[in-house]
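From first to last, the protein sequence lines stand for chains A and B. Residues 140 to 429 in the numbering used here are what the first sequence lists, from first letter to last. Residues 57 to 333 in the numbering used here are what the second sequence lists, from first letter to last. So the structure is just underneath, and the comments pick up after that.
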Amino acid sequence: MTINFFRHERALPYLLLAPTVAVLLALSIYPLIYSIRVSFQTGAHAGWSPGNFSRLFADRFFLAALGHTLVYAVCALTFEFLLGLSLALLLNEALRGRNIFRALLLAPMMLPPVVVGVVWRLMLNPNFGAINGTLKGAGLDTTALTWTASPRLALASVICVDIWQWTPFMFLVLLAGLQAIPQEPYEAALIDGSSRWQTFRHITLPLLKPAILIALLLRTMDLLRVFDQVFILTEGGPGFATETISLYIYRTAFRFFDFGYAAAMSFVLLVLTNIISLLYIRLLQRQEAR
Amino acid sequence: MRLIKAQLWKQAFVALACLAALAPVYWLVTISLKSEVDQFAVPPRWFVFKPTLAHYADAFLARSFGQYLITSATVAVLSTACALLLGTLAAYALARFRLPRKLDARLALWILSTRMFPPIVTAVPLFLLMRDVRLLNTKLSLIIVYTAFNLPFVVWMMRGFFLEVPRELEEAARVDGDSRLGALRRVVLPLVAPGLAATAVFCLIISWNEFLFALVLTQTDAAMTLPVGIAGRVTQYEIKWGVMSAAGVVAMLPILIFALAVQRYLVRGLSLGAVKG
């Protein structure tokens, strides 16, 4: 009886874990392996061929999409971080109505990305959008401000929409980080008579670093895969001006039905994402080791 | 005096940020309630217009948005239920058992890593696999995919909540004669119930908002979710702004209510449990 009981006990964690592991193997890992197989198939050859991968380096659309994605990610990340940090620092101090402000600021990031796309199509429409309409009402000439329809402004426009949607995320995570910092170091700094900038530079920033790294890591992952809002706002256009990697892969697979090439490109995205996330995780671990 | 002035500046800056965050959303709501004349007015009519519900009737009664709404709700609820059931059990095992060769810690990291794949990477092979088993354009395909998508999230959230329950409580229950699973059901689950509810709401939000998989896997009215339905209308040549805005408002409302409900756990949920707000 006792022996039986222990046997049961020893098997229990495996029984509890088995369904989850099975589902993830079937729906995350198996598709990935299947995708490797697909990426080595080209129309011309029946067997394995590296053709799709060698094609990548000569495809200037792919390189352009890669460039757009990196510009998008770097610009959006920078502004979201700086704005989010400023707001977090402001709201961390006792400010009247803080909780209401906090709740109001969160709305954009919770919205379905498709709705964000719709909202900004309405705002940015060159003819009757709220932005140009308001400018016209103030007597300004808006003929050059065609936002997402203009090859020059389109990428900047979709980046601005991202900043609008995701600055609240940075703000929220950084505010949580700020509120977890103990009071003692600040009291010591006050006694030592250090300036506000010195306090920020030598106390707040180092103690906030783990929260900063996590916020940047999660945002970077999302920025590199950006798809939804851009799909609604511009579909990668005008021309090719806002085509990101995810959009180009989607187009290759589901418009041109070239699944092999799409799979090959998706591996480049996967490797890129992994390298960048590993860099962040290294930084985080070094931070924790100290 | 200088202090008060600084405080006022800060208030103004934060108020401006709130205005910037909310004005576009408000604009969407007004467009959904305006007749076409008011929609295209220049300068824009922010406050003064004659409200009408015609676009809502058009979208949800005359067009198929009512059906998309039902599909979205069905898929979100069923996939959340599946992910919670499987994920909570796995999370309990990872929080309470030490497996040989650090298997528990390694499994936890592996489960998390599956969540880090960019969706487009699995969307391409999943489309081909679903085509092979003839599940394209079915709700079932979305329920299956969303379950797998939400599982790592449930495991990491619930693992955190389980770790916060003192072991002693469970041991006491087991001394009283409960089996391991009996103790889980009678002692631990009631204690993590708020966390479980928050996790469920997050899964609902994620599934409801999801776009890429739904776009790839469903193209017919029978299985289309609300975001795909809206996207289909946006990219057509003639855009019905009122219909689209009405559908957008309906897609957004449940999410805003849910988000307010889980505000306490928001940071935790958004950082996969990494930051405890």
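Even glycine gets a Cβ: it sits at the ideal position worked out from N, Cα and C.
Separation of residue j from residue i, as counted between CA atoms
| i | j | result |
| --- | --- | --- |
| Glu88(A) | Met309(A) | With chain A covering 140 to 429 only, the question about residue 88(A) has no answer from this structure. |
| Asp397(A) | Leu171(A) | 17 Å |
| Thr373(A) | Lys348(A) | 36 Å |
| Phe267(A) | Thr86(B) | 14 Å |
| Arg101(B) | Thr285(A) | 20 Å |
| Asp361(A) | Leu155(B) | 33 Å |
| Leu224(A) | Trp65(B) | 17 Å |
| Leu78(B) | Gln368(A) | 18 Å |
| Arg190(B) | His111(B) | 36 Å |
| Pro174(B) | Leu163(A) | 15 Å |
| Leu316(B) | Ala254(B) | 11 Å |
| Ser289(A) | Cys299(A) | 15 Å |
| Leu417(A) | Leu165(B) | 13 Å |
| Gly316(A) | Ala212(A) | 23 Å |
| Ile371(A) | Ala278(B) | 22 Å |
| Ala242(A) | Asn271(A) | 29 Å |
| Ala350(A) | Asn231(A) | 14 Å |
| Lys61(B) | Gln426(A) | 38 Å |
| Leu182(B) | Ser178(A) | 14 Å |
| Met140(A) | Thr281(B) | For Met140(A), the predicted model reports a pLDDT of 39, less than 50, meaning its position is unreliable and no value from the coordinates is stated. |
| Phe145(A) | Glu220(B) | For Phe145(A), the pLDDT reaches just 47, beneath the cut-off of 50, and the residue's location in the model is therefore unreliable, leaving the point undetermined. |
| Asn143(A) | Phe153(B) | Note on Asn143(A): pLDDT 47, under 50, position unreliable in the model; no value is reported. |
| Pro107(B) | Leu117(B) | 19 Å |
| Val318(B) | Asp198(A) | 46 Å |
| Lys158(B) | Gly143(B) | 20 Å |
| Thr194(B) | Pro189(A) | 34 Å |
| Gln322(A) | Asp331(A) | 15 Å |
| Asn238(A) | Ser120(B) | 39 Å |
| Ala246(A) | Trp297(B) | 22 Å |
| Val244(B) | Tyr148(B) | 10 Å |
| Ser169(B) | Arg394(A) | 30 Å |
| Ala392(A) | Leu409(A) | 16 Å |
| Thr274(B) | Trp305(A) | 28 Å |
Short Cβ contact (8 Å threshold) for residue i with residue j
| i | j | result |
| --- | --- | --- |
| Val70(B) | Phe240(A) | yes |
| Phe217(B) | Val248(B) | yes |
| Ala139(B) | Leu198(B) | no |
| Ile286(B) | Val257(A) | yes |
| Ala204(B) | Leu166(A) | yes |
| Thr383(A) | Thr208(A) | yes |
| Tyr419(A) | Leu355(A) | yes |
| Val180(B) | Ala402(A) | yes |
| Val365(A) | Phe267(B) | no |
| Leu252(B) | Met214(B) | yes |
| Ala227(A) | Leu346(A) | no |
| Trp259(A) | Pro283(B) | no |
| Ser405(A) | Val177(B) | yes |
| Met249(A) | Leu312(B) | yes |
| Leu328(B) | Trp212(B) | yes |
| Tyr173(A) | Leu185(B) | yes |
| Ala157(A) | Phe379(A) | no |
| Tyr400(A) | Asn191(A) | yes |
| Thr359(A) | Ile415(A) | yes |
Residue closest to residue i, alpha-carbon to alpha-carbon, out of the options
| i | options | result |
| --- | --- | --- |
| Leu363(A) | Tyr387(A), Arg340(A), Leu423(A), Gly268(A) | Tyr387(A) |
| Thr390(A) | Leu164(A), Thr338(A), Phe200(A) | A small fix is needed here, since residue 390(A) is Arg in this sequence, not Thr. The candidate whose alpha carbon is nearest that of Arg390(A) is Phe200(A). |
| Gly278(A) | Ala256(B), Val98(B), Leu192(B) | Val98(B) |
| Leu205(A) | Gly375(A), Ala288(A), Leu245(A) | Gly375(A) |
| Ala215(A) | Ala283(A), Pro307(A), Ala392(A), Gly399(A) | Pro307(A) |
| Tyr124(B) | Tyr321(B), Lys106(B), Ser327(B), Gly288(B) | Gly288(B) |
| Ala302(B) | Arg236(B), Arg162(B), Leu89(B), Ser235(B) | Leu89(B) |
| Pro250(B) | Phe96(B), Asp94(B), Gly325(B) | Gly325(B) |
| Ile295(B) | Glu326(A), Leu261(A), Ala283(A), Leu357(A) | Leu261(A) |
| Thr281(A) | Gly399(A), Leu263(A), Pro251(A) | Leu263(A) |
| Pro251(A) | Val323(B), Val306(B), Gln63(B) | Val306(B) |
| Leu134(B) | Ile200(B), Arg242(B), Leu72(B) | Ile200(B) |
| Tyr202(B) | Arg236(B), Asp234(B), Ser128(B) | Ser128(B) |
| Trp187(A) | Ser193(A), Ala283(A), Arg176(A) | Arg176(A) |
Members of the segment 285–297 of chain A that neighbour chain B once the beta carbon cut-off is set at 8 Å:
none
Contact residues within the segment 251–267 of chain A, judged by C-beta distance below 8 Å to chain B:
Of all residues in the segment 251–267 of chain A, the ones placed with a Cβ closer than 8 Å to any Cβ belonging to chain B are Pro251, Pro252, Val253, Val254, Gly256, Val257, Val258, Trp259, Arg260, Leu261, Met262, Asn266, Phe267, in chain order.
Residues in the segment 225–248 of chain B with C-beta within 7 Å of chain A's C-beta atoms, listed in sequence order?
Arg236
Under 7 Å (Cβ pairs) to chain A, residues found in the segment 166–180 of chain B:
Correct list: Ile167, Thr170, Met172, Phe173, Pro174, Pro175, Ile176, Val177, Thr178, Val180.
Please list, in chain order, the residues of the segment 258–281 of chain B that have any C-beta partner in chain A closer than 9 Å.
Listed in sequence order: Ile261, Trp264, Asn265, Glu266, Phe267, Leu268, Leu271, Val272.
Residues of the segment 372–403 of chain A in Cβ contact with chain B at a cutoff of 7 Å, in chain order, please.
Glu374, Ser385, Ile388, Tyr389, Ala392, Phe393, Phe398, Ala401, Ala402
Mind listing which residues of the segment 323–348 of chain A have their C-beta closer than 9 Å to chain B's C-betas, in chain order?
none
Which residues, in chain order, does the segment 176–210 of chain A contribute to contact with chain B at a C-beta distance below 7 Å?
Val177
Contact list for the segment 319–333 of chain B against chain A, Cβ threshold 9 Å
Gln319, Leu322, Val323, Arg324, Leu326, Ser327, Leu328, Ala330, Val331, Lys332, Gly333
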